[in-house]
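Numbering (this note's numbering), first residue to last: 1 to 264.
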């Protein structure tokens with residue numbers, strides 16, 4: 001899914017101009033508009049009064065190549081466990097950096113009748129983050145969460161020396177089991193003092209996860225890799241915060257403590 005999604009994002013960047021920052025009136029889709037709809041795995045947290053309702057569901061994003069807009073369909077649970085599905089209006093993408101785009105539905109003409117909305121799309125990681133508010137609370141919807149080129153610090157536990165700080169590794173999280181656990185994928189896995197990459201990709205399944213009003217916490221005593229070599233990580237303590245826009249934390253592996261920090 002990730003590779004396919006990234007392909008379409010690149011197609012859009014090459015074929016459309018993302019200079020629009022919104023709309024005053026809902027665009028009328030013409031029969032000859034070039035529209036592509038992609039199904040996504042989405043993860044939503046509905047926050048109200050300190051309580052969090054989580055939902056893992058299928059959603060979609062529709063790209064209108066002709067107009068350079070997107071339309072997002074997503075679902076969320078309210079605090080009573082009822083599921084609601086919403087579809088935004090067409091949203092223009094405003095470039096913030098070479099790979100980061102903002103979008104919103106300022107007219108709020110979509111079915112969810114919210115009061116505020118904002119979104120981010122990172123074309124380097126294929127991550128989407130969309131937030132809106134309504135009577136059910138504040139709803140934060142994301143795809144998988146991917147933090148590339150994270151600052152990684154490796155410390156030898158025998159002598160306490162910090163041997164290396166690097167930005168070669170990146171970290172991808174995908175909630176499973178309705179937010180109670182997650183998959184952790186690490187690209188360019190380094191657990192030594194020489195910055196030599198030990199595995200191109202390593203993956204750990206079933207790490208304990210808790211949705212919070214600010215993001216997620218991942219805390220696991222021990223996990224074995226299921227892909228990319230035979231590794232065991234322990235003392236996992238990672239916090240995804242700022243409504244999923246940053247990550248910090250640490251874990252241990254092979255006599256080393258690895259600390260990580262990265263923005264969205």
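Glycine included, C-beta positions come from ideal geometry on N, C-alpha and C.
Residue pairing for residue 196: DSSP places it in no beta bridge. With respect to the C-alpha of residue 245, the residue from 140, 231, 202 and 182 having the closest C-alpha is 140.
Counting other Cβ atoms within 10 Å of its Cβ, residue 243 reaches 16 or more and is therefore classed as buried. Distance from the CA atom of residue 53 to the CA atom of residue 45, rounded to whole angstroms, is 6 Å.
When DSSP reads this structure, residue 59 sits in a beta bridge with 40. Per DSSP, residue 153 is one residue of the beta strand (DSSP E) stretching across 151-156. Per the coordinates, the alpha-carbon of residue 89 lies some 29 Å from the alpha-carbon of residue 176. Separation of residue 180 and residue 40 (C-alpha to C-alpha, rounded to the nearest whole angstrom) is 20 Å. The criterion of a C-beta distance shorter than 7 Å is satisfied by residue 147 and residue 262.
As a beta-bridge residue in DSSP terms, residue 257 pairs with 155 and 252. Counting C-beta pairs closer than 8 Å gives three or more between the segment 63-73 and the segment 83-97, which meets the contact rule. If only uninterrupted beta strand (DSSP E) runs of at least 3 residues are considered, those enclosed by the segment 211-241 are 215-227 and 232-241. A direct Cα-Cα distance of roughly 20 Å separates residue 197 from residue 161.
In this structure residue 170 is not in contact with residue 156, their Cβ atoms being roughly 23 Å apart against a cut-off of 8 Å. The alpha carbon of residue 38 has as its nearest neighbour, out of 60, 48 and 47, the alpha carbon of 60. Beta-bridge pairing by DSSP links residue 101 to 95 and 121. Here residue 82 is exposed: its Cβ has fewer than 16 other Cβ atoms, across all protein chains shown, within 10 Å. When the alpha-carbon of residue 138 is set against those of 174, 47 and 220, the nearest one is in 47. In this chain, residue 244 is not harboured by any beta strand (DSSP E), its DSSP state being neither H nor E.
In this structure, the straight-line span from the alpha carbon of residue 164 to that of residue 153 is close to 6 Å.
A direct Cα-to-Cα measurement between residue 43 and residue 130 gives close to 10 Å. Following the DSSP letters along the chain, one finds residue 148 in no beta strand (DSSP E), marked with neither H nor E.
C-alpha of residue 84 to C-alpha of residue 58: approximately 12 Å in a straight line.
The three-state secondary structure of residue 78, taken from DSSP, is coil.
In this structure, the beta-carbon distance from residue 237 to residue 225 does not fall below 7 Å. Between residue 257 and the set 216, 173 and 159, the nearest pair of CA atoms involves 159. Nearest Cα to residue 202 within the set 56, 233, 99 and 208: 233.
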